[in-house]
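Some notes on the structure that comes next.
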Amino acid sequence: MSLLIKNIALHFISKLDESSEANLQFGPDHIEVTEKIDNFVDVLHHLYNGKGSKAYAKFNTMPPEGDKVGFDELLGRYLDDGENFNDFAVNSAERLKQELDKYELVESGYLVICHYEFMGGRYLFVAIIPVTEHYSVDGELNISADKHLDTAKLQLAARIDLFDYQQNAQTKSYISFIKGRAGRKVADFFLEFLHCEEGVDAKEQSLTLVQAVEDYVSTNQLNAEEKQNARKELLSYCKEQKESGQEVSIKTLGEVLPSESEEQDFYKFCQEQAYPLEENFPHDQAVINKVTKYSGYGNGISVSFERSHFGQDVVYNQAADTLTIHKVPPNLKAQLLALLEENNSKPDSFE
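Using my numbering, you'd call the opening residue of the sequence shown number 235 and step up by one each time.
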């Protein structure tokens with residue numbers, strides 16, 4: 235396992251009524267890093283990496299309201315001033331309670347704060363993991379209830395790239411957080427707790443990157459096969475970055491994509507054309523996937539095909555608004571033949 239845990243803390247926060255005050259229960263002062271803890275953090279790390287709906291942020295330069303101490307200041311005391319990790323985690327939990335009390339929200343779960351290293355990177359992971367009650371029955375048919383961490387429903391989670399935060403603070407994406415089903419109000423509360431503001435728009439950057447690649451392959455007058463290979467190189471590179479939790483680097487991508495000469499690689503092309511792209515940025519894999527594949531769903535019909543098949547095995551007639559598929563996939567063909575046989579055996583109906 236290439237994941238190394240430096241420090242970890244666990245506290246429990248619960249607010250069962252919108253108008254009530256949150257209850258905060260502190261965990262142990264020190265958690266020994268055992269194999270179980272290693273495995274637990276490893277699961278969280280990969281679960282977080284696999285979440286597609288992420289947004290990116292940086293710490294807010296404006297001071298927090300009143301005399302409150304911002305999460306960034308608490309983090310600075312721990313990283314720069316050598317403050318005890320437990321003190322940092324306790325103060326962070328108290329700040330979380332302050333923010334939750336401001337909102338009319340019902341929220342409960344375990345606050346996990348973990349400082350760890352992975353593949354040369356240094357990270358601080360912060361999450362509220364929800365709790366789910368489950369039931370069991372013994373041999374005498376006695377029912378008992380217990381609670382467990384429901385990591386599958388992880389929504390309130392963020393990760394800070396500590397290297398970028400300390401060495402590259404001008405970037406707008408050293409904080410990532412899950413953005414999606416938690417809801418706007420819940421997301422606002424969590425961002426205020428972290429004292430951060432959204433920075434880089436991963437989807438917008440990804441759309442610009444795809445357009446830049448399309449312009450690049452057209453400008454270099456690559457043939458159809460070379461263009462498709464370039465798109466596949468982009469897709470492969472971005473998938474690798476996503477799996478390892480790394481950002482896309484335009485300079486590295488310039489070394490991956492084909493070029494006629496060193497003087498005109500993709501990186502230099504982007505600089506000359508002045509695309510609004512960061513040198514390094516987190517990407518939206520769903521956007522990148524579309525560079526080699528078209529797909530759509532509606533009215534009970536789902537269609538997906540590789541871009542290279544368009545105009546050959548897949549033909550669209552704009553005037554008639556029809557799509558013709560040649561060389562039907564074998565597994566689909568087998569289902570269609572079975573359906574035809576079934577319908578032919580029903581003389582009074584055809585569905």
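Cβ atoms here follow ideal geometry from the backbone N, Cα and C, with glycine treated the same way. These numbers come from a predicted model, not from an experiment.
Go through the region 277 to 313 residue by residue and report every complete run of the alpha helix (DSSP H) that reaches 4 residues or more, in order.
305 to 313
Counting only runs of 3+ residues fully inside the region 354 to 400, write out the beta strand (DSSP E) ranges in chain order.
355 to 363, 365 to 371, 377 to 383, 390 to 395
Quick one: using the 10 Å Cβ neighbour count with 16 as the cut-off for buried, is E269 buried or exposed?
Counting Cβ neighbours within 10 Å, E269 comes out exposed, since fewer than 16 surround it.
Which residues share a DSSP beta bridge with T268?
Per DSSP, T268 has no beta-bridge partner at all.
Answer yes or no: do S452 and V434 have a C-beta to C-beta separation smaller than 9 Å?
No, the Cβ-Cβ distance between S452 and V434 is not below 9 Å.
Taking the continuous alpha helix (DSSP H) assigned at K491, which residues delimit it?
In the sequence on display, residue 491 carries Leu and not Lys. Unbroken run through L491: none, as it is neither H nor E.
Meets three-Cβ-pair contact criterion under 8 Å: the region 539 to 553 and the region 497 to 512
no
N257 to T486 span [Cα, whole Å]
48 Å
What are the boundary residues of the beta strand (DSSP E) that includes E255?
E255 -> no beta strand (DSSP E), and no H or E assigned at all.
If distances are taken between C-alpha atoms only, which option among E438, D449, V548 comes closest to Q519?
E438
For a cutoff of 9 Å on Cβ pairs, would you count A520 as touching chain B?
Included in the structure is just one protein chain, with no chain B present.
Three-state secondary structure (DSSP) of Y501
Residue state, collapsed to three classes: helix.
Just checking my contact of L388 with I363 at CB under 8 Å: how many whole Å lie between their CB atoms?
6 Å
Would you kindly work out how many angstroms separate the C-alpha atoms of E255 and D335, rounded to a whole number?
Computed Cα separation, rounded: 6 Å.
Would you say Y528 and S536 are within 9 Å of each other, going by their C-beta atoms?
no
In the DSSP assignment, find the unbroken beta strand (DSSP E) run with T558 in it and report its ends.
556 to 559
Whole beta strand (DSSP E) runs in the region 411 to 480 with 3 or more residues, listed along the chain?
Runs of the beta strand (DSSP E) lying entirely within the region 411 to 480 and spanning at least 3 residues, in chain order: 430 to 432.
Using a 10 Å radius around the Cβ and a threshold of 16 neighbouring Cβ atoms, would you call T405 buried or exposed?
buried
On the premise that Y290 lies in contact with S410, defined as a C-beta separation below 8 Å, what is that separation, rounded to the nearest angstrom?
5 Å
From M353 to L238, what distance separates their C-alpha atoms?
Approximately 9 Å, taken between the alpha carbons.
Can you look up L339 in the DSSP assignment and give me helix, strand or coil?
coil
CB-CB under 8 Å to G417, same chain, minus the five flanking residues each way: which ones, in chain order?
With a pLDDT of 49 at G417, under the threshold of 50, the modelled position of this residue cannot be trusted, and the question is left open.
From the DSSP output, in three-state form, read off H517 for me.
coil
Could you give the distance in angstroms between the alpha-carbon of E575 and the alpha-carbon of Q445?
Roughly 46 Å separates the two Cα atoms.
How many Å lie between T295 and D306 at the Cα?
About 10 Å.
Going by DSSP in three states, F260 sits in which element: helix, strand or coil?
coil
Pair within 9 Å by beta-carbon distance, Q259 and H245:
In contact: Q259 and H245 (Cβ atoms closer than 9 Å).
Provide the residue(s) that pair with S483 in DSSP beta bridges, ordered along the chain.
N514
With F423 and Y337 assumed to form a contact (beta carbons below 8 Å), what rounded beta-carbon distance in angstroms separates them?
5 Å
Taking only the alpha-carbon atoms, compute the straight-line gap between V521 and S440 and give it to the nearest angstrom.
6 Å
So S326 and S248 are supposed to be a Cβ contact under 8 Å. How far apart are they, rounded?
With a Cβ gap of about 17 Å, S326 and S248 do not count as contacting.
Can the beta-carbon of V340 be found closer than 9 Å to that of V447?
no
Give me the Cα-Cα distance between Q273 and G310, rounded to the nearest whole angstrom.
Inspection of the sequence shows that residue 273 is occupied by Asn rather than by Gln. The alpha-carbon atoms of N273 and G310 are separated by roughly 28 Å.
If you measure between the beta carbons of Y369 and F359, is that distance less than 9 Å?
no
So E576 is in the alpha helix (DSSP H); what residue range does that whole segment cover?
564 to 578
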